[in-house]
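Everything in the sequence shown is counted per the numbering used here, starting at 958 for the first residue and increasing by one. Note that the Cβ used here is the ideal one computed from N, Cα and C, for glycine as well. The structure under discussion appears below in the form of structure tokens.
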Amino acid sequence: MTRLLLLTTLIYSLFLTSGQNPTEAADKPTLVIYTYDGFAAEWGPAPKVKAEFEKTCDCVLDFVATDTSIGILRKIQLEGKNTKADIALGLDTNLIDVANKTGLFAPHGATFSNSALPIEWKEKTFLPFDYGHFAFVYNTEKLKNPPNSFEQLAETGEDFKIVIQDPRSSTPGLGLLLWVKELYGDKAVEMWKKLSPKILTITKGWSESYKLFLKGEADMVLSYTTSPAYHLIAEEDERFKASIFDQGHYLQVEVAAMLKSSKQPKLARRFMQFVVSDRFQSIIPTTNWMFPATNPHPPLPSQFETLAQPNRTLLTDSAVVEKNRKNWISEWQTAVTR
């Protein structure tokens, strides 16, 4: 009984420290958001998004993290209509068709204007919240003349190594697969065979790859053209750059969607509109290190203006991706197996 009393006192004191009465918290509706681990991390957008939205909603945001973006959809597919999620946040354009076919998502109902996307957006169920182009990032102190095409990458010396992600579990990994397929079509397998000796390892997700790169294990890592912004702003480090390929770069647009089975549909729709508000969009650049989907106020940090930009944007229709994804991944597996 003494332990129970002490535990109750401790819990109550923690709520008081946070300025929230436990009885009041229990009375507030909870909006459950499935997202990926990077978004939910203490250094990611989630803490600031939670603080901003809870100021006005008289509710509680509960972020549930999966280890990858693709993991969000897989979790919802497994749970079906019984999913606890009200919102899925972190899918991308390549997953829209398969997500739509689940029949689990509802139209967002939000007004999306002032778009900053490099493409036209007409989708009514999936709402964009940021975007970026995939690119290979390198350290300028270690690599003076980076390859600027897949051909040049394949022709680098024997000791040259890259780190990439698995397309079965990672949206950047899938993005790279589609990038190569978009450029080389039926000859994509040949290109992968040429690139295979350059691959140090294939990780499940982006963070594992980037950590290996920062440790100096590889010469380049598959990431985004926006990744150097983190080093510029958070570390004041100018060493890291994204190599711009003359052939163009594949685009990723990350999206949010609400579930038809949401127990808080009004609150979910309110959050969806919040996603494209200045308050949400201004959080994205310096926490998720991507371009916001709209032109936020205040504007982007000046360091983003220094980032190298692709001269051509590549993107495959999501229906085409879903129709061919399994076969293309099978081709990729065969080509990179050593």
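- Of the residues assessed, Pro1104 falls on the buried side of the cut-off, its CB having 16 or more other CB atoms within 10 angstroms.
- A contact between stretches requires three or more CB pairs, one per stretch, nearer than 8 Å, and the stretch 989-999 meets this requirement with the stretch 1038-1058.
- If you draw a straight line from the Cα of Phe1248 to the Cα of Leu1189, it comes to about 15 Å.
- Scanning its chain for C-beta atoms nearer than 7 Å, with the 5 sequence neighbours on each side dropped, one finds around Asn1071 the residues Thr1251 and Asn1252, in chain order.
- Annotation for Asn1284: the continuous alpha helix (DSSP H) segment containing it runs Ser1275 to Val1293.
- In the three-state scheme derived from DSSP, where H, G and I count as helix and E and B as strand, Asp1087 is classed as strand.
- Rounded to the nearest angstrom, the Cβ distance from Trp1289 to Trp1149 is 6 Å, consistent with a contact under 8 Å.
- Annotation for Asn1039: Ser1218 place their beta carbon closer than 8 Å to its own, counting only its chain and skipping 5 residues before and after.
- Taking C-beta atoms under 8 Å as the contact rule, Thr1182 and Ala1092 qualify, at a distance of about 5 Å.
- Distance from the Cα of Thr1263 is smallest, within the candidate group Met1215, Val1233 and Ser1184, for Ser1184.
- For the pair Pro1154 and Leu1208, the Cα-to-Cα distance works out to about 26 Å.
- In this structure, the straight-line span from the alpha carbon of Asn1057 to that of Asp1176 is close to 38 Å.
- Taken atom to atom, the span from the alpha-carbon of Gln1109 to that of Val1146 is near 17 Å.
- Contact between the stretch 1106-1125 and the stretch 1065-1085 is absent: fewer than 3 CB-CB pairs across the two stretches fall below 8 Å.
- A straight-line Cα-Cα distance of about 7 Å links Ile1241 and Asp1087.
- By the criterion of a C-beta distance shorter than 7 Å, Gly1130 is surrounded in its chain by Ile1121, Gln1122, Asp1123 and Pro1124, once the five residues flanking it on both sides are discounted.
- The alpha-carbon of Val1232 is positioned some 23 Å away from that of Ser1259.
- A direct Cα-to-Cα measurement between Ser1239 and Glu1115 gives close to 43 Å.
- When the Cα atoms are used, Lys1099 and Lys1151 turn out to be separated by approximately 23 Å.
- Within the stretch 1141-1226, complete beta strand (DSSP E) segments of at least 3 residues are found at 1156-1160, 1177-1181, 1197-1200 and 1206-1216, given in chain order.
- If you ignore the 5 residues before and after Lys985, its C-beta comes within less than 7 Å of the C-beta of Asp1015, Cys1016 and Val1017, all in its own chain and listed in chain order.
- Cα atoms of Arg1227 and Phe1197: separation of roughly 39 Å, rounded to the nearest angstrom.
- Between Thr1059 and Glu1139, the alpha-carbon positions lie close to 26 Å from each other.
- Beta-bridge pairing by DSSP links Gln1122 to Thr1160.
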